[in-house]
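Asks:
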Amino acid sequence: METPVTRWSKAELQVYILLLCANADADLQEQELNLIRSKVDADCFGRIYEEFLKDSEEVSFSKLERNIALHEYSWRELNQLKLDMKAVFASDRKYMMLEQNMERILNNMLY
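Under this note's numbering, the first residue of the sequence shown carries the number 12, and numbering increases by one thereafter.
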(Lines of atoms letter the chains of each structure in order from A and count residues from 1; the text may use other names and numbers.)
(Lines give C-alpha, C1' and ligand atoms only; values in the text may rest on other atoms or scores of the structure.)
Protein backbone atom coordinates (compact mmCIF):
# COMPACT_ATOMS: atom_id res chain seq x y z
CA MET A 1 0.00 0.00 0.00
CA GLU A 2 1.33 3.40 -0.94
CA THR A 3 1.80 6.02 1.76
CA PRO A 4 -0.28 9.20 1.42
CA VAL A 5 1.48 12.28 0.11
CA THR A 6 2.73 14.48 2.92
CA ARG A 7 2.90 18.08 1.72
CA TRP A 8 5.69 20.00 3.39
CA SER A 9 6.73 23.61 3.14
CA LYS A 10 10.28 24.30 1.96
CA ALA A 11 11.36 24.76 5.59
CA GLU A 12 9.86 21.41 6.59
CA LEU A 13 11.48 19.71 3.61
CA GLN A 14 14.83 21.27 4.55
CA VAL A 15 14.55 19.90 8.10
CA TYR A 16 13.72 16.42 6.80
CA ILE A 17 16.66 16.45 4.39
CA LEU A 18 19.04 17.63 7.10
CA LEU A 19 17.76 14.94 9.48
CA LEU A 20 18.51 12.35 6.81
CA CYS A 21 22.02 13.78 6.56
CA ALA A 22 22.48 13.65 10.33
CA ASN A 23 21.24 10.07 10.47
CA ALA A 24 23.19 8.82 7.45
CA ASP A 25 25.65 7.04 9.75
CA ALA A 26 22.74 5.77 11.93
CA ASP A 27 23.98 7.95 14.79
CA LEU A 28 22.09 11.19 15.42
CA GLN A 29 24.45 13.39 17.41
CA GLU A 30 23.26 16.27 19.59
CA GLN A 31 25.49 18.78 17.75
CA GLU A 32 23.88 17.71 14.46
CA LEU A 33 20.38 18.14 15.90
CA ASN A 34 21.29 21.53 17.40
CA LEU A 35 22.57 22.71 14.02
CA ILE A 36 19.32 21.65 12.35
CA ARG A 37 17.23 23.27 15.13
CA SER A 38 19.05 26.54 14.49
CA LYS A 39 17.74 26.62 10.90
CA VAL A 40 14.00 26.68 11.72
CA ASP A 41 11.52 27.42 14.48
CA ALA A 42 11.08 24.88 17.28
CA ASP A 43 7.55 23.87 16.25
CA CYS A 44 8.59 23.03 12.69
CA PHE A 45 11.60 21.06 13.91
CA GLY A 46 9.55 19.15 16.48
CA ARG A 47 6.82 18.10 14.02
CA ILE A 48 9.24 16.98 11.34
CA TYR A 49 11.58 15.27 13.81
CA GLU A 50 8.70 13.18 15.20
CA GLU A 51 7.64 12.22 11.68
CA PHE A 52 11.23 11.41 10.70
CA LEU A 53 11.69 9.04 13.64
CA LYS A 54 8.63 7.03 12.56
CA ASP A 55 9.63 6.67 8.89
CA SER A 56 11.68 3.87 7.36
CA GLU A 57 14.39 4.80 4.86
CA GLU A 58 12.15 3.71 1.99
CA VAL A 59 9.28 5.90 3.20
CA SER A 60 11.71 8.79 3.76
CA PHE A 61 12.98 8.71 0.20
CA SER A 62 9.46 8.38 -1.17
CA LYS A 63 8.32 11.43 0.81
CA LEU A 64 11.38 13.38 -0.32
CA GLU A 65 10.85 12.64 -4.01
CA ARG A 66 7.21 13.69 -3.80
CA ASN A 67 7.91 16.89 -1.90
CA ILE A 68 10.89 17.95 -3.97
CA ALA A 69 8.61 17.72 -7.02
CA LEU A 70 6.11 20.09 -5.33
CA HIS A 71 8.58 22.95 -5.02
CA GLU A 72 10.63 24.97 -7.43
CA TYR A 73 14.06 25.85 -6.10
CA SER A 74 16.29 28.60 -7.36
CA TRP A 75 19.97 27.93 -7.87
CA ARG A 76 20.67 30.03 -4.76
CA GLU A 77 18.25 27.99 -2.61
CA LEU A 78 19.76 24.71 -3.81
CA ASN A 79 23.26 25.99 -3.16
CA GLN A 80 22.30 27.04 0.39
CA LEU A 81 20.68 23.66 1.03
CA LYS A 82 23.83 21.92 -0.17
CA LEU A 83 25.93 24.08 2.18
CA ASP A 84 23.58 23.23 5.05
CA MET A 85 23.90 19.53 4.23
CA LYS A 86 27.69 19.79 4.27
CA ALA A 87 27.56 21.60 7.62
CA VAL A 88 25.51 18.78 9.14
CA PHE A 89 27.89 16.16 7.76
CA ALA A 90 30.87 18.08 9.17
CA SER A 91 29.34 18.90 12.55
CA ASP A 92 30.51 15.67 14.18
CA ARG A 93 33.96 16.04 12.59
CA LYS A 94 33.57 12.76 10.68
CA TYR A 95 32.64 12.29 7.05
CA MET A 96 32.04 8.59 6.73
CA MET A 97 31.31 6.57 3.60
CA LEU A 98 27.63 6.31 4.58
CA GLU A 99 27.42 10.10 4.74
CA GLN A 100 29.14 10.45 1.38
CA ASN A 101 26.63 8.03 -0.14
CA MET A 102 23.72 9.94 1.40
CA GLU A 103 25.08 13.20 -0.01
CA ARG A 104 25.28 11.65 -3.48
CA ILE A 105 21.72 10.29 -3.25
CA LEU A 106 20.31 13.61 -2.06
CA ASN A 107 22.23 15.60 -4.67
CA ASN A 108 20.76 13.36 -7.39
CA MET A 109 17.27 13.89 -6.02
CA LEU A 110 17.65 17.67 -5.74
CA TYR A 111 19.38 18.50 -9.03
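Built from N, CA and C at the ideal position, the CB exists for glycine as well. Here the structure is a predicted model, which is why all the values come from computation and not from measurement.
What does the alpha-carbon distance come out to for the pair residue 50 and residue 113?
Replies: Cα-Cα distance, rounded: 20 Å.
Asks: Just curious, the alpha helix (DSSP H) that residue 35 is in, first and last residue?
Replies: Segment: none, residue 35 is in no alpha helix (DSSP H) and carries neither H nor E.
Asks: At which residues does the alpha helix (DSSP H) containing residue 51 begin and terminate?
Replies: Counting along the chain, residue 51 falls outside any alpha helix (DSSP H), and DSSP gives it neither H nor E.
Asks: Ignore the nearest five residues each way along the sequence and tell me which others in residue 122's own chain have a CB closer than 8 Å to its CB.
Replies: Excluding sequence neighbours, residue 122 sits near 89.
Asks: DSSP three-state call for residue 60: helix, strand or coil?
Replies: Residue 60: helix per DSSP, three-state reduction.
Asks: Compute the Euclidean distance between the alpha carbons of residue 79 and residue 67, then round it to the nearest angstrom.
Replies: Looking at the two C-alpha atoms, the distance is approximately 18 Å.
Asks: Identify whether residue 27 lies in helix, strand or coil by the three-state DSSP scheme.
Replies: Here residue 27 sits in helix by DSSP.
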